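One structure below.
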Amino acid sequence: MSGVGQGNAGVAAPPAAWVASTREPGLLAAFWGRLRARPSAVVGLVVVGALMLMAALADVVAPYDPTATDWGNVRGAPSLAHPFGGDEVGRDVLSRIVYGARASLGAGLVSVLLAVSLGLPIGLVAGYAGGLVDGAIMRLTDALLAIPFLILAIALAAFLGPSLTNAMLAIGLSATSTFVRLTRAQVQAVAAEEFVEAARSVGNPPWRIALVHILPNIVPAILVQATLTIAAAIIAEASLSFLGLGQQPPEPSWGAMLNVAKNFMDQAPWMAIWPGLSIFVAVLAFNLLGDGLRDALDPRQRT
Amino acid sequence: MTGSTTRPPLLDVSDLAVSFDTEGGAVHAVNGVSYTLAEGETLGIVGESGSGKSVHVLAMLGLIPRPPGRVTRGKVWFGGRDLLALPERDLRRVRGGEIGFVFQDPMSSLNPGMSVAAQIVEPLRIHLGLDQRAARARARDLLDLVRIPNTKGRLDQYPHEFSGGQRQRVMIAIGLACRPKLLIADEATTALDVTVQAEIVALVQELRREIGMAIIWITHDLGVVAGISDTVQVMYAGRILERGPVDALFRDPRNAYTLGLLRSLPDLSRGRAGRKRLQQIDGAPPDMRTPPPGDPFAPRNAYATPRCRAEMPPLSQAPGAAPGHLVAAWYDLPALLTREAAQQGHTP
Amino acid sequence: QTLRFGLMEDSDALDPTLARTFASRMIFAALCDKLVDIGPDLKPVPQLATHWELSSDEKALTMHLRPGVTFHDGEPLDAAAAKYSIERHLKMPGSQRRGEIAPIDTVEVVDPLTFTIKLKQPFAPLLAQFTDRAGMMVSPKAAERLGDKFSTSPVCAGPYRFVERVPQDRIVVERFPAYWNKDQIQIQRIEFRPIPDSTVRLTNLRAGQLDLLERLAPTDVPQVSRDAKLKLGTTYELGFQEILFNTGREGSPVADARVRAAFDLAIDRNALNQVVFNGEFLPGNQWVSPKHPNYVKEYPLPKRDVAKAKALLAEAGQPKPQITLTVYANSEAPQVGQVIQAMTKEAGFDVRIQATDFTTALDAADKGNYEAYLYSWSGRPDPDGNTFSFLSCKAPLNYARYCSTEAEAALQAERGSVDAGTRQAAWKRLADRVLTDRPGIYLLHRKLLWAYGPKLTGFVPYPDGLVRFTGLKLN
Amino acid sequence: MLRFLAQRLTLAVPTLVLASMIIFALQQLLPGDTATALSGEERDPEVIAFIRQKYHLDQPLPVRYAYWAGGVLKGDLGESIRLQKPVSELVIEKLPVTLELACLAMLVALALGVPMGILSAVKRGTFADTLANGIALWGLSVPNFWLGILMILLFSVHLGWLPASGYVPPSESLVDNLKAMAMPAFVLGNAIAAVMMRHTRAAMLGVLGSDYVRTARAKGVAPLRLILRHALPNAAIPIITLGALEFGQLLSGAVLTEQIFSVPGFGKLMVDAVFNRDFATVQGVVICTAATYIALNLAADLLSAAVNPKLRRA
Amino acid sequence: MKAAPAYPVISVRNLSKSYPLRSWWGGKADVFRAVEDVSFEIRPGETLGLVGESGSGKSTIGRAVTMLNPPTSGTIAFEGIDLARLSPQALCRTRARIQTVFQDPYAALNPRMSAGAYVAEAFRLHRPDMARSERREAVASLFARVGLDPHFLGRYPHQFSGGQRQRICIARAIALKPSFIVADEPIAALDVSIQAQVVNLLQDLQDDLGLSYLFISHDLRMVRYLCHRVAVLWRGRIVELAESDRLYEDPRHPYTRRLLAAVPLPDPAAERARLAARETTNPAPGRPGDLVEVGPGHWVAADPLPEETDR
Ligand SMILES: Nc1ncnc2c1ncn2[C@@H]1O[C@H](COP(=O)(O)OP(=O)(O)OP(=O)(O)O)[C@@H](O)[C@H]1O
Ligand SMILES: Nc1ncnc2c1ncn2[C@@H]1O[C@H](COP(=O)(O)OP(=O)(O)OP(=O)(O)O)[C@@H](O)[C@H]1O
Ligand SMILES: [Mg+2]
Ligand SMILES: [Mg+2]
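Residue numbers (my numbering), protein chains in the order written: chain A, 1 to 303; chain B, 304 to 651; chain C, 652 to 1126; chain D, 1127 to 1440; chain E, 1441 to 1751.
Written out as structure tokens, the structure reads:
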């Protein structure tokens, strides 16, 4: 029968050649495209990239050795030779900012990575498994949350020796419980959605449901928290290094620089301004990038 | 255009167009929709899913999400004002007051965090200025009206404690709360079983007679449309393809898409054993980011002429049809059907 | 009126027998009078004891108490009370004073206002010890009643009596109306407020939240000087800052005296003072400052000599010794550490800085679990208090694990006599050894800095770092 | 209701036991012990031995835990070795201060973070959004000690409006109390405001796109009511969850701020206790924070149920 | 139609499901009996329609027979095997043969999974040996089978229309050649022309693959069109079960009659007439009684039992 009502269901099977030739743009490419479409995300990406590059190429970028002291430049005001000025023992602030990026970005990223890579799976298990497992995990998390960060950090440093790495570990560990709780809450919300039931109905084992179906849907909240935690970690490294538990002197970190600078607020404000600004810029950039990533990872976001 | 009344129409939509900005370009969801609605008239709107039925009514009241949505052109006259030009403040007075709205999805359209009473009371307080007690009493009456049993105990319950059908009835109660001049019901009965649906249809009919309310009823259920409407309008790809008095349109469809819709209904006259395969419309609607220049249905239409593919036909009085029966088509469907039947050797 | 006094740290238990922090001494200065006080010139002056005499064999000290003095609870301060207090210092479990007055054998009451202290052997620093907590008298009645809870409401015989204490917030004392020297006490109440951060302490003073603060950061001196409303009180301390070496540490370069000498030569004390302390402190090379009467002039401040340091290292066969320097994590010590690190680097040293909290540092020092330790000592009026505990072979504070027969003999000699000439000779002999062996390198003597607001008058800085409230006025 | 509370409180027991065990074990990792910390400048070996023995520091770990736990069961949290005061007294003294500060800080955080989060969600993509984000993140990236000192300089030294330090109990003078708390609460709240703001924004973005918000608009609900009555409660769950988390961390984590403003709270007590290896105090404070923390979670759950009736079923 | 073999694909015996009713602070208050003592079986190649008022427990039954939401009591045997006895792993494997198509195709699709990946998942899970390219081809031909342009493989759910989404769900459901599909209101959200597409698709698949369906719907015309037998559910119990023509022509139970009388007619004049003549018979109170056979294969519930619980 001709006309509007066509009895035959569907299109004819495609030639096999088509399958290989026509592909939607790859996942990564699509993701990249979406990311690129957001100016703020691009700014975030560029700044984060630049900071990372600066940290990686510190040897090339920094005008001076960040630990070289110059008694003539003690708390020296910014000048042509030292555009960001000199610090409390006459080191070049600019060079220390450049090198400090290593410790500070490292502290931010490593501890967040640690917190996420511990907190996320644990939260997933707690949220999805429920029952006794959940109860046990949550009791432990609550207990850990009650342990002051400082004790954890000192104990860890005492156990493993004080170093930047161990500070990152301590910061990461203490941020973990937050991620556990957050993940769990999100998982419980997503697990109630119908598509999870649909996933069960094709015979997905629980682990696969958790990883493939739930995990991608809780990424936004985790991303927000992760970018916020980066900031908190950079600041936390400062207080740890003040106690000798973080970056070991004379190696620089932004937080430590800021920490020392407070004693010279009046006489050498530049000692504070530059590290402070660096932290702000990094935090802002990570958050912009986080927002961008979140949007780009969300296929529903079309604007 | 409809009927012969000299009074100005209640609603006059002219050349309304809405688009959404998306990554792949603007989606032209509504492409110049014009029609009028008289006081007390019931207009049924059917059409392809995604054809802009919901979007165009939302646009009238400034309810499309903006961004990404954008009303690109058009005017919507209601009670002597152009709703699209009205400041938000004044528009708020129209919404829920003079125009009541019932949304498609009762699951998500009710606020899960507010008691049912609070949600029904709201428009009463905003538009009628009732105090809390009076509004609550009215809310109870409304729940009675939409046949929710045991209204007293249920007022302070939350949406999730209601069944889907009951939730839909709550939505309808909200839409009717202020006795609007116009009720827009967007698939108000889709999720309901037929008995409840029948009750609601009857209820709306009653109210319509009682308060002389006009209705725009959007649905996929041709049976409901047949029962409730004075006028029916068929939409496709953001346009109106056909519009006419309900009997004329069902009896004598002039657009191939309308015909396709009517034909896809199961024919039960011969019982299950004698049933025929359902007729379906093959193909997919056009990509609205790049709407075709001509008749959007042409690619799926076996009767399409070359002109159909090139040029959009205007919506105009169908030749030889009932007055007010408008169609947008370059072809003459009855003629084609007759020819086809002749070729196959029997009359349709 | 209330004097609000900003302290750097909170005090520990307010019991002269048990207390161990500098902050507690600050508060005892108001609460508890001592048998003897020191003057700004470090000479003992009468306080609760009006006069005293030492027996010729230097083994008995007879002290005469001021008549009519009462404790805050109204109990009389008589010889029996003094005997009780001293014995309490000696015998109470956990007493921190025992070591300071260990040579005391017995205390005998002669008459109500006279008592005699018998020593096991002559002990020159005894009187000096009595100028501090060991000389503080407590009410026997209160001490008996409260036992080891005495600190919750200490009862002494000082110008102020205890009112309340909110840990970490404030300690409040009020004028004791029956104080023996009450005419000299003008201020009604004193509120001691611990504010650890020196910047914050200063801001509080500037905001009018404090009237007086101690231990101003040297780098803030210009800021205070510029501020017309603020005044500065300064004096050099009795103590010192030094770098201690763990001489007993096997396998460590610091076990070699030549390496230690090279380390000393690599340091420019003046530059260190300028960089970290704005030049406010006093460079030093001995346990007392160059301004102190007991300074051994034969050993003046050494000059920096990198070449010689390198030569010494070469001689020791360790051209690039790697040394971990433990510093206490406050705002200044890590800076000192970093400057020293930079300075000694030029001589070939590779110094690693390890900043730790106080207890960790102490623990490492106790256990000999360190190489070099940047250490400060608040100082005692008698140089014995700056040397004996550190340099005597078995002394508890001998973190350097230093033991030299000559030094030991010299230390015993300076203790064994009150004769100035004998003692000075002993100091010279001690210096001969110690400044050559260098179990530690003395670096600086701090300047004690007080800042106070416009209302406070009559402030006199004392080198022991404590405030004398006698004569202070708030307008 | 009572049974539910009882049930929840039973769940608290394992948490408390766990927390106390963890903290006990952790303290063993700290170098140096109470005796080291307390033996003072003089470091008399006899004193050290005396302290060790008096406080059972010479006993093996499980024995010491048993001593402590036995005490707790009898309602005795032990004694602060350093301050020679029962820990329970210390806790009773500091807890109200800490709680007040935490509450005020939370208030500041919510008062700043939530409106800013709403604003930036409503005006997503506009300059206002960018600005609100910038302000919030600035608050997050300024260390507390900096903000604190700068505020003292401005409000106490230059303007003289607020006291730089000094806690006044509310029983003495509520006005003075609030004046003294204003700056520390702001400094603490400011950092948390960023967290609140970012999560509010994310949650609001989800809610504002929902159908029921559209329904409300179709009813003619005014924008303010739309946001506060319809959208916000549905976006509140992450705000409540994180609020409780942050609140919990304020209990012992406000050290720096407490130090700058000389607020006699838990944080400082805790840090001093840690540095002086005053184990009983650390234990006591941890138990109290853990208990408060559990209470907070309970409150958060109740609050969540209040804003989300659906949770009342499960 | 193929002749139906004697043994059933799925056989449900005395299925009951109750939900705990909890007070808002979590204490258990009571149970709500959503489905009670329901028994039916479906033969290979057969479609059983399940109709009834909303809230009568249709979806609950659908979820119970797939063990997505196991019943409180009663047995469900799939091809003779009691599903409750299977180990979790075995149940996962068996799920390959029992599939569900959900009412809301948007909610049932993972918003962050592309259509292709979604369909491919079935293979990934149950055919781990399949090569990538092989899987790709299989998915592509499934897309073709359900009438989707294989270009859409990489698209995400939000980029599809409702009908297309439902086709994706169906493609996944048939991927593993199941013998039984639960279709829970698969056409409710679709416009009529797409409804026709989906129903035709289901029909074609049944013809080709010999599938059995449990077809849950409010659209009584479509049920009559598609189903061999129809069960009417009311208040958690089956009140009438018969061959579909028989049921539509000779409804016995009052509720069935009421239901059929409410079906709107797609003809304006007839529909207006029907509406005008509409009588509103209220169903008798109480719970329906046990089924009795009134004709060959035609079961009707006895008079309602007195109300036990207020619903
Ligand atoms: N927020 C949005 N962003 C982008 N496109 C949108 C958005 N909302 C709607 N559209 C598009 O607008 C078009 C019209 O949608 P509309 O909801 O009006 O369809 P409909 O006729 O109501 O369909 P249905 O019968 O399925 O409800 C669709 O193509 C849809 O994809
Ligand atoms: N998880 C649940 N907890 C408590 N009650 C539930 C739950 N799921 C369903 N119910 C109740 O069980 C009854 C049957 O629900 P079900 O979803 O099976 O109805 P249905 O026949 O599919 O209705 P509809 O046609 O509206 O989809 C309803 O009254 C519902 O409120
Ligand atoms: Mg719609
Ligand atoms: Mg259902």
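C-beta atoms are modelled at their ideal positions from N, C-alpha and C, and glycine is treated no differently.
Every value quoted in this text rests on a predicted model; they were computed, and no experiment measured them.
Against chain D, does THR1108/C count as a neighbour if the rule is that its beta carbon must be under 8 Å from one of theirs? Residue 1108/C sits at position 457 when you count from the first residue of the third sequence. For THR1108/C, the answer is no, since every Cβ of chain D falls outside 8 Å of its Cβ.
Contact list for the stretch 1155-1185 of chain D against chain B, Cβ threshold 7 Å: Listed by position, the residues of the stretch 1155-1185 of chain D near chain B (Cβ gap below 7 Å) amount to none.
Using three-state DSSP, classify TYR1024/C as helix, strand or coil. Within the third sequence, numbered from 1, the residue matching residue 1024/C stands at position 373. Strand.
Just verifying my parser: in three-state terms, what is the DSSP assignment at LYS694/C? Position 43 of the third sequence, counting from 1, holds the residue named residue 694/C. Three-state DSSP puts LYS694/C in coil, outside helix and strand.
From the DSSP output, in three-state form, read off TRP1464/E for me. The residue given as residue 1464/E occupies position 24 in the fifth sequence. Because TRP1464/E sits at a pLDDT of 45, beneath the cut-off of 50, its placement in the model cannot be relied upon, and the following sentence gives the value as read from the coordinates. In the displayed model, TRP1464/E falls within coil according to three-state DSSP, outside both helix and strand.
According to DSSP, simplified to helix, strand and coil, what is MET1232/D? Within the fourth sequence, numbered from 1, the residue matching residue 1232/D stands at position 106. In this structure, MET1232/D counts as helix in the three-state DSSP scheme.
Would you say THR1326/D reaches chain B, if we count a Cβ-Cβ gap shorter than 8 Å as a contact? Along the fourth sequence, one-based indexing puts residue 1326/D at 200. Chain B, which has no Cβ nearer than 8 Å to the Cβ of THR1326/D, makes this no.
Spatial neighbours of ASP1685/E within its chain, please: C-beta separation below 8 Å, excluding the five flanking residues on both sides. Here residue 1685/E corresponds to residue number 245 of the fifth sequence, with the count starting at 1. Answer for ASP1685/E: ARG1664, listed in chain order.
So, for VAL987/C: in the same chain, excluding its five sequence neighbours on each side, which residues have a beta-carbon less than 8 Å away from its beta-carbon? Taking the first residue of the third sequence as position 1, residue 987/C is located at position 336. If we look at VAL987/C and ignore the five residues flanking it on each side, its Cβ neighbours are GLN892, LEU923, VAL927, VAL978, LEU1025, LEU1094.
So does ASP134/A have its beta carbon nearer than 7 Å to some heavy atom of ligand 4? Translated into the one-based positions of the first sequence, residue 134/A becomes position 134. Outside the cutoff, so no.
For GLU490/B, verify whether its CB is less than 7 Å away from any heavy atom of ligand 3. Along the second sequence, read from residue 1 onward, the residue named residue 490/B stands at position 187. Because some heavy atom of ligand 3 lies under 7 Å away, the Cβ of GLU490/B counts as near it: yes.
Are PRO1047/C and ASP1184/D closer than 8 Å when you measure CB to CB? Taking the first residue of the third sequence as 1, we reach residue 1047/C at position 396. Taking the first residue of the fourth sequence as 1, we reach residue 1184/D at position 58. The answer is no: Cβ separation not under 8 Å.
The alpha helix (DSSP H) enclosing THR1383/D, as first and last residue numbers: Translated into positions along the fourth sequence, residue 1383/D becomes position 257. THR1383/D -> alpha helix (DSSP H) spans 1381-1386.
For LEU1681/E and GLY1737/E, the rounded distance between their alpha carbons: Locating residue 1737/E in the fifth sequence gives position 297, where the first residue counts as 1. Locating residue 1681/E in the fifth sequence gives position 241, where the first residue counts as 1. Taking the straight line joining both Cα atoms gives about 8 Å.
For LYS1211/D, which residues in chain C fall below 8 Å Cβ to Cβ? Residue 1211/D sits at position 85 when you count from the first residue of the fourth sequence. Annotation: Cβ neighbours of LYS1211/D in chain C (cutoff 8 Å, chain order): THR803, PRO818.
Assign MET743/C to one of three DSSP states: helix, strand, or coil. By one-based count along the third sequence, residue 743/C stands at place 92. Looking at MET743/C - three-state DSSP - the assignment turns out to be coil, as it is neither helix nor strand.
Residues of the stretch 283-297 of chain A in Cβ contact with chain D at a cutoff of 7 Å, in chain order, please. VAL283, LEU284, ASN287
Nearest candidate by alpha-carbon position, reference LEU1263/D, set LEU288/A, ASP295/A, ALA296/A, ARG139/A: Translated into positions along the fourth sequence, residue 1263/D becomes position 137. Here the closest residue by C-alpha is LEU288/A.
Is there a Cβ from chain D that is less than 8 Å from the Cβ of LYS855/C? Position 204 of the third sequence, counting from 1, holds the residue named residue 855/C. The sequence given here places Asn at residue 855/C; Lys does not occur at that position. Yes, ASN855/C counts as interfacial toward chain D.
Thinking C-alpha only, which one of ARG557/B, LEU581/B, ASP555/B, LEU552/B is nearest ARG566/B? Walking along the second sequence from the start, residue 566/B turns up at place 263. Measuring from the Cα of ARG566/B, the nearest candidate turns out to be LEU581/B.
Positions along the stretch 200-219 of chain A whose CB lies within less than 7 Å of some CB in chain E: In summary, the residues of the stretch 200-219 of chain A whose CB is separated from some CB of chain E by less than 7 Å are ARG200, SER201, VAL202, GLY203, ASN204, PRO205, HIS213, PRO216, ASN217, in the order they occur in the chain.
With which residues is SER1513/E paired in a DSSP beta bridge? Here residue 1513/E refers to the residue found at position 73 of the fifth sequence. DSSP output for SER1513/E lists SER1456/E as bridge partner(s).
Member of TRP1287/D, LEU1285/D, ILE1318/D, ASP1202/D whose CA lies at the smallest distance from the CA of GLY1265/D: Taking the fourth sequence and counting its residues from 1, one reaches residue 1265/D at position 139. If you compare the alpha carbons of TRP1287/D, LEU1285/D, ILE1318/D, ASP1202/D with that of GLY1265/D, the shortest gap goes to ILE1318/D.
Any heavy atom of ligand 2 closer than 7 Å to the beta-carbon of LYS1498/E? Position 58 of the fifth sequence, counting from 1, holds the residue named residue 1498/E. Yes, Cβ of LYS1498/E sits closer than 7 Å to a heavy atom of ligand 2.
Neighbour list for ASP1648/E in chain B, Cβ cutoff strictly below 9 Å: Stepping through the fifth sequence from its first residue, residue 1648/E is reached at position 208. Those do not exist, as ASP1648/E stays about 14 Å from chain B at its closest Cβ, beyond 9 Å.
Is the distance from the Cβ of SER104/A to the Cβ of GLU237/A below 8 Å? As a first step, residue 104/A is located in the first sequence; it is residue number 104 there, counting from the start. As a first step, residue 237/A is located in the first sequence; it is residue number 237 there, counting from the start. In contact: SER104/A and GLU237/A (Cβ atoms closer than 8 Å).
Output, in chain order, the set of chain A residues within a Cβ distance shorter than 9 Å of PRO972/C. On the third sequence, residue 972/C is found 321 positions in, with the first residue counted as 1. Simply none; closest approach about 18 Å.
Closer than 8 Å, CB to CB, is VAL316/B near chain D or not? Locating residue 316/B in the second sequence gives position 13, counting from the first residue. Chain D has no Cβ within less than 8 Å of the Cβ of VAL316/B.
How would you list, in chain order, the residues of chain B whose beta-carbon sits under 9 Å from the beta-carbon of LEU1699/E? Residue numbering aside, residue 1699/E sits at position 259 when the fifth sequence is read from its first letter. By Cβ distance, chain B contributes ASP496, VAL497, THR498.
Cβ of SER357/B within 7 Å of any heavy atom in ligand 6? Of the ligands one can find in the structure shown, namely ligand 1, ligand 2, ligand 3 and ligand 4, none is ligand 6.
Below 8 Å, can you find three or more Cβ-Cβ pairs linking the stretch 274-292 of chain A to the stretch 46-56 of chain A? yes
Counted within 10 angstroms of its Cβ, other Cβ atoms place CYS683/C as buried (16 or more) or exposed: Residue numbering aside, residue 683/C sits at position 32 when the third sequence is read from its first letter. The residue is buried, with at least 16 neighbouring Cβ atoms inside 10 Å.
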